[in-house]
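All the letters of the sequence shown, read from the start, carry residue numbers 1 to 199 under UniProt numbering. Glycine residues also receive a C-beta, built at the ideal position from the N, C-alpha and C atoms.
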Amino acid sequence: MGAVGGSVYHFLKGLRNSPNGARITGGMQAARMNAPQLGGSFAVWGTLFSTFHCTSAYVRRKEDPWNSIIGGAATGGVLSMRQGIKASGRSALAGGFFLALIEGAGLMANRFAPQMLPPLPADDPNMAAAISTGGGGFPGLPQPVVSPAEVPSSSSGGSWFGGLFGKKEEKKPSGSTGMSEILESFETPSPPIPSFEYK
1 MGAVGGSVYH
11 FLKGLRNSPN
21 GARITGGMQA
31 ARMNAPQLGG
41 SFAVWGTLFS
51 TFHCTSAYVR
61 RKEDPWNSII
71 GGAATGGVLS
81 MRQGIKASGR
91 SALAGGFFLA
101 LIEGAGLMAN
111 RFAPQMLPPL
121 PADDPNMAAA
131 ISTGGGGFPG
141 LPQPVVSPAE
151 VPSSSSGGSW
161 FGGLFGKKEE
171 KKPSGSTGMS
181 EILESFETPS
191 PPIPSFEYK
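So this is what it looks like as structure tokens:
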């Protein structure tokens, strides 16, 4: 993302700053020289942010917007540590503030998004009748009988990854939905990896 965005930005900047007759070449040269540096910087920032975000989520045992804010502040502080303590503190505050703005915008978008959606078609009596009679298919035609497929439950008590981070297994209700049945398929053990060694 950083390399692509940097290529576009530096190409346009080189196009603008080059003399007449060499604008395309100047734009390509500027993009070729500067985009990899911006892409690498973006990759380092993203790696540090993900590390601090996941560490914060693990230590706090919560997944909330504070993890992103803490991750942004720590990333800003670490990346500017070579300039000294004051610069590192200012960058940490700026990183935390910037991520707080992003998280706040995301929360506001999630809060107001359902109000902007059109009403659900369940208010339509024809649609409600179709849903109550089995849904799917075309109205007026006989509907095929569909029986829910049973997914065998895994015999293991959970995955090793879930136990590694201390996640407790939750009791499943008897009337499980299709989504939980699909997700149970990830708990089944994988087939053994073949060995290609010569004997």
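CB contact flag (residue i, residue j, <7 Å)
{"i": "Phe42", "j": "Gly2", "result": "yes"}
{"i": "Ser56", "j": "Ala31", "result": "no"}
{"i": "Gly27", "j": "Gly14", "result": "yes"}
Outcome for residue i when other beta-carbon atoms lying within 10 angstroms are tallied against a minimum of 16
{"i": "Phe112", "result": "exposed"}
{"i": "Leu99", "result": "buried"}
{"i": "Ala92", "result": "buried"}
{"i": "Gly95", "result": "buried"}
{"i": "Ala35", "result": "buried"}
{"i": "Asn67", "result": "buried"}
Residue i versus the options, residue with shortest Cα-Cα distance
{"i": "Pro65", "options": "Ala92, Val4, Met108, Gly27", "result": "Met108"}
{"i": "residue 220", "options": "Ile85, Gln115, Ile69", "result": "Coverage of the chain is limited to positions 1 through 199, which leaves residue 220 absent and any answer about it impossible."}
{"i": "Ile24", "options": "Phe11, Arg90, Asn34, Arg60", "result": "Phe11"}
Residue i to residue j span [Cα, whole Å]
{"i": "Ser88", "j": "Pro19", "result": "40 Å"}
{"i": "Tyr9", "j": "Phe196", "result": "49 Å"}
{"i": "Pro192", "j": "Tyr198", "result": "18 Å"}
{"i": "Phe52", "j": "Ala74", "result": "7 Å"}
{"i": "residue 206", "j": "Val44", "result": "Past the boundaries of the shown model lies residue 206; the chain is included only from 1 to 199, so the question cannot be answered."}
Under 8 Å: do the segment 44-53 and the segment 69-87 share three or more Cβ pairs, one atom per stretch?
Per the Cβ contact rule, the segment 44-53 is in contact with the segment 69-87 (3 or more Cβ pairs under 8 Å).
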